[in-house]
Amino acid sequence: SGPDRGRRLEHQQRAYELQLIGGLQGMAWWTVYGLVGVGLLHRFNPTFRKQTWAIKAFLVTSSSIFGLVIGADDYLLKYESAQRDAENAIRREARNALASKGIIATETEIRRWRAQRQA
1 SGPDRGRRLE HQQRAYELQL IGGLQGMAWW TVYGLVGVGL LHRFNPTFRK
51 QTWAIKAFLV TSSSIFGLVI GADDYLLKYE SAQRDAENAI RREARNALAS
101 KGIIATETEI RRWRAQRQA
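If you use full-length UniProt numbering, the sequence shown corresponds to residues 1 to 119, in order.
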């Protein structure tokens with residue numbers, strides 16, 4: 001359980017870092033989109049021009065928060081998918097190696113195979 005715990009903590013830290021990067025990038029892009037959208041509406045729509053600055057700031061802030069959430073989620077989903085693919089490849093290799101020895105690939109046997117491989 002010790003090596004697994006360390007590996008899990010490393011994955012959690014990496015996921016946090018990726019979420020932070022993705023969130024900040026998404027927020028930056030969507031803030032620009034919000035500013036451009038509000039600017040264009042202000043320039044070309046007389047009804048929107050009459051709205052208060054608070055409403056316009058709310059729209060820009062909303063687009064920023066949207067970008068933050070979507071960017072962080074996108075980075076995290078890509079990371080989880082890559083982790084899942086790597087884990088599935090290792091498990092497939094373990095099942096094949098154990099099957100060639102005539103051993104049924106239970107979770108315990110896969111864990112043993114992985115420990116022997118890392119040693």
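Each residue gets a CB set at the ideal place from its N, CA and C atoms; glycine is no exception. On a predicted model such as this, the values are computed, not experimentally measured, just so you know.
Can you grab the Cα-Cα spacing for the pair SER64 / TYR33, in whole Å?
9 angstroms
Under the three-state DSSP convention, the category ILE104 falls into
coil
Starting from the N-terminal side, write out each stretch of the alpha helix (DSSP H) that is 4 residues or longer and does not extend beyond the stretch 24 to 109.
Counting whole runs of 4 or more residues, the stretch 24 to 109 contains the alpha helix (DSSP H) stretches 46 to 49 and 53 to 100.
Beta-carbon within less than 7 angstroms of TRP30's beta-carbon, same chain only, minus the 5 sequence neighbours each way: which residues are those?
SER63, SER64, PHE66 and GLY67
Please classify ALA15: does DSSP put it in a helix, a strand, or coil?
helix
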